[in-house]
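If you're matching them up, the sequences are chains A and B in order. Taking our numbering, I'd label the letters of the first sequence as residues 1 to 374. Taking our numbering, I'd label the letters of the second sequence as residues 375 to 633. The C-beta atom is built at its ideal place from N, Cα and C for all residues, glycine as well. Some notes on the structure that comes next.
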Amino acid sequence: MKYTPILLAVLVTVVLWWFTRATAWDWELPPDLPPPQVPADNPMSAAKVELGRWLFYDRRLSGNETMSCASCHIQSLAFTDGVAQSIGSTGEIHPRSSMSLVNVAYASRLTWANPLLDRLEDQALTPLLGDRPVEMGLRNGEQRFAELLRTEPKYSALAASAFSSDEDPHSLLNGIRAIAAFIRTINSFDAPYDRYLAGDANAISSAAERGMELFFSERLECFHCHGGFNFTDSTTHANSNVDRVGYHNTGLYNLDDTGAYPSDNTGLFDMSGERRDMGRFKAPSLRNIGVTAPYMHDGSVATLPEVIANYERGGRLIEDGQYAGDGRLSPYKSEFVTGFELTDEERADLLAFLDSLTDQTVLSDARFSDPFLN
Amino acid sequence: MRLFAALIVPWVCVSCSQWDHPVKIPFIATWQGEPIQCDSPDVALSDLRFYISNVQLVDGEGQSHDVRFATEMPWQNDAVAYIDLETGSGDCHNGTAGLSTQVLGVAKFREYRGLRFTVGVPFRLNHENPLAAKPPLDDPDMHWHWRSGYKFLRAGVRTEDDGFWIHVGSAGCEGTVGNITGCKFPNRIEVSLPEFVVDQHAVNIDLTALVAGTDVADGTPTDCSSGPPEDSCAAPFAALGIEFETGEQTGSQSVFSAQ
Chain A
1 MKYTPILLAV LVTVVLWWFT RATAWDWELP PDLPPPQVPA DNPMSAAKVE
51 LGRWLFYDRR LSGNETMSCA SCHIQSLAFT DGVAQSIGST GEIHPRSSMS
101 LVNVAYASRL TWANPLLDRL EDQALTPLLG DRPVEMGLRN GEQRFAELLR
151 TEPKYSALAA SAFSSDEDPH SLLNGIRAIA AFIRTINSFD APYDRYLAGD
201 ANAISSAAER GMELFFSERL ECFHCHGGFN FTDSTTHANS NVDRVGYHNT
251 GLYNLDDTGA YPSDNTGLFD MSGERRDMGR FKAPSLRNIG VTAPYMHDGS
301 VATLPEVIAN YERGGRLIED GQYAGDGRLS PYKSEFVTGF ELTDEERADL
351 LAFLDSLTDQ TVLSDARFSD PFLN
Chain B
375 MRLFAALIVP WVCVSCSQWD HPVKIPFIAT WQGEPIQCDS PDVALSDLRF
425 YISNVQLVDG EGQSHDVRFA TEMPWQNDAV AYIDLETGSG DCHNGTAGLS
475 TQVLGVAKFR EYRGLRFTVG VPFRLNHENP LAAKPPLDDP DMHWHWRSGY
525 KFLRAGVRTE DDGFWIHVGS AGCEGTVGNI TGCKFPNRIE VSLPEFVVDQ
575 HAVNIDLTAL VAGTDVADGT PTDCSSGPPE DSCAAPFAAL GIEFETGEQT
625 GSQSVFSAQ
């Protein structure tokens, strides 16, 4: 009888522990928004996300310990880096521009034009271990990453907890899983536009309201590639039963009048070898577009007014230099990029709308910030 | 009793001698007929690592017989052998110190003249998770994180300020990583050496033949990553017996020979 309270306490503890393990992850999303897809072999947990956040900001994940994931994915820039083409840890220049990680959990495909990559866990290997170009340059990465997880006390404990059913919790694979889990939590649905949709009529200006009408009009056709709750047609979520992926040629280049793009950035063509895929790239989410300049896969369009000007024209004209050509005449250009006319006021309205997609919360949320700075 | 022995003994002996023919297939790399290393003067090796699979020896009747890899060797499992002829020194910047220069295995006891093999990883293994793969498929340097699958061959040469390197692997793959359904350009290299005799010959990798048709000394380093927009791929792929534009086998390669 005297052991009853102890037994009861143990029983309650076990029940609570089991119950909290089995509870679904709280995404803290607006009502009616479906959660993102999560791979079955990498379920979400607090320990995993916490570990992933530390690793995301840890420079020891690069070969020369000069850069972390956060070096090219800066929170205040919606997890981009503000340059046209990102630079790796050894100084090699990447052909393409760092992509925003905000809401990337909802991306049906990752990177600008690789249709094979639909999971963060697979994509992560390229920046960590890739050598063309060298990005993080983690040579002998498997050993070093695993050693870091084993020897750093905080990581060791978090990994042991997050991957408790693994024979060896402290592995490169698990480190990547942790980072992926953290990145999945970077969600943003608190822009003025979202509050407007939720019923706050004053959340956006009347200029932005008019811009919104233009954005969703058949006249401009923006929504064809940049539509849906995440402003990209390459979106997927937990309730999706269709694999929606879009790659589009927006008439940015037309070398030698053949429709060619520069050879280091041919887009989907590089992967498929099909000529019709020349210059086709994923339409990224337009959320926070106001803080993620410069634009396009190679950062070759510096400002949003220039972006709009290219679409207004129906394709970009490069007058001279090695990339000269008229993108409007490209045989591979998307059928939706036909050009349109805007008054000065309409142009300003459209820009005001795009501005209303900036979510200040995610740009400073402590949950996603650098834990090393405390 | 003697009938019984006559029936049993051949079976016992056959099973004893079935796989007792040890096979050793050394690989050497040459440039203009001379051995080439990472620290050779003038033209040096910058990389040479590849996977071998589907090794067969040809007997007197023209029949092919499988060579079983000795799986106790860390550079071999039952399906692939990993050959690494660079030493990570000199011009082999991205390499490793370890060397594995030969395939070791066993074959049925026969007289053989002729060797066939594939440079590549079989499709059924090529698209598994490299982080969970067993050796020698667990080397991230050989994994093509971008294109999915492995780099079947990494090879290159360098001069003082120029050079050429090539990565050969499957391209135009479809599906998603973990669920690859097929690749339009499998790009496996098929080699047939009818003159090869085990214990007499090594496989010579002629790097001059590989880079002929590219320009190693024009002042501009070039490379080929099995990708479609690259003009620098046509000639080396042809040397390896693959028509680059279509991915079809041509039936004749000029890089591997018996020496």
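By the rule that beta-carbons nearer than 8 Å mark a contact, proline 514 of chain B touches chain A. Annotated three-state conformation of threonine 303 of chain A is coil, per DSSP. In this structure lysine 282 of chain A is buried. Its beta-carbon is surrounded by 16 or more other beta-carbon atoms within 10 angstroms. Contact annotation: the segment 25 to 45 of chain A touches the segment 182 to 190 of chain A, with at least three C-beta pairs closer than 8 Å. Under a 10 Å Cβ-count criterion, glutamate 408 of chain B is classified as exposed, with fewer than 16 other Cβ atoms of the shown protein chains found around its own Cβ. Spanning the alpha carbons of leucine 220 of chain A and phenylalanine 618 of chain B requires a straight line of approximately 41 Å. The DSSP-derived three-state label of lysine 154 of chain A is helix. Exclusion of the five residues before and after glycine 259 of chain A leaves Met278, Ser330, Pro331 and Tyr332 as the residues of its chain whose Cβ lies within less than 6 Å of its Cβ. Close CB contacts of valine 429 of chain B within its chain, under the 6 Å cut and outside five residues either way in sequence, are with Val441 and Phe491 (chain order).
For the options A/Ala324, A/Gly267 and A/Met136, the alpha carbon positioned closest to that of alanine 113 of chain A is the one of A/Gly267. By the C-beta density criterion, proline 396 of chain B is exposed, having fewer than 16 other C-beta atoms within 10 angstroms. Under the rule that a run must span 4 or more residues, the alpha helix (DSSP H) segments found entirely inside the segment 564 to 620 of chain B read 581 to 585 and 608 to 613. Taking 8 Å as the CB threshold, serine 272 of chain A lines the interface with chain B. Distance from the Cα of methionine 136 of chain A is smallest, within the candidate group A/Tyr106, A/Ala70, A/Ala180 and A/Ala146, for A/Ala70. Under the 8 Å Cβ criterion, the segment 286 to 301 of chain A does not count as touching the segment 572 to 580 of chain B, having fewer than three qualifying pairs.
Interface annotation, phenylalanine 79 of chain A: not in contact with chain B, CB-CB separation never under 8 Å. If you ignore the 5 residues before and after glutamine 123 of chain A, its C-beta comes within less than 7 Å of the C-beta of Leu110, Thr111 and Leu117, all in its own chain and listed in chain order.
Annotation for phenylalanine 216 of chain A: Phe223 place their beta carbon closer than 6 Å to its own, counting only its chain and skipping 5 residues before and after.
Under the Cβ criterion of 8 Å, alanine 453 of chain B is not counted among the residues facing chain A.
The Cβ of glycine 601 of chain B sits closer than 8 Å to at least one Cβ of chain A.
In this chain, the alpha helix (DSSP H) harbouring alanine 178 of chain A covers 172 to 184. Against chain B, the beta carbon of arginine 210 of chain A has no neighbour under 9 Å; the closest one sits roughly 40 Å away. Annotated as distal: alanine 403 of chain B and serine 427 of chain B, with beta-carbon spacing of 8 Å or more. Within the DSSP secondary-structure output, isoleucine 402 of chain B pairs in a beta bridge with B/Asn578. Counting along the chain, leucine 363 of chain A sits inside the alpha helix (DSSP H) bounded by residues 360 to 364. As for any alpha helix (DSSP H) of minimum length 4 sitting wholly inside the segment 410 to 449 of chain B, there is none.
When secondary structure is reduced to three states using DSSP, glutamate 622 of chain B falls in the strand class. Among the residues facing chain B, leucine 117 of chain A is included, as its CB has a counterpart in that chain under 8 Å away. Contact check between the segment 332 to 342 of chain A and the segment 306 to 314 of chain A: three or more CB pairs, one atom from each, fall below 8 Å, which counts as touching.
Close to glycine 130 of chain A, with beta-carbon spacing below 8 Å, are these residues of chain B in chain order: His519 and Trp520. Nearest neighbour of aspartate 421 of chain B by Cα position, chosen from B/Leu473, B/Asn578 and B/Val531, turns out to be B/Val531. Across the segment 499 to 510 of chain B, CB contacts with chain A closer than 9 Å involve Asn503, Pro504, Leu505 and Ala506, in sequence order along the chain. Tryptophan 520 of chain B and alanine 612 of chain B have their C-alpha atoms some 24 Å from each other. Taking a beta-carbon distance threshold of 8 Å, glutamate 142 of chain A counts as an interface residue toward chain B. Under a criterion of Cβ atoms nearer than 9 Å, the residues of chain B adjacent to aspartate 122 of chain A are, in order, Asn503, His519, Ser522, Thr550, Val551 and Gly552.
Listed as beta-bridge partners of alanine 348 of chain A by DSSP are no residues whatsoever.
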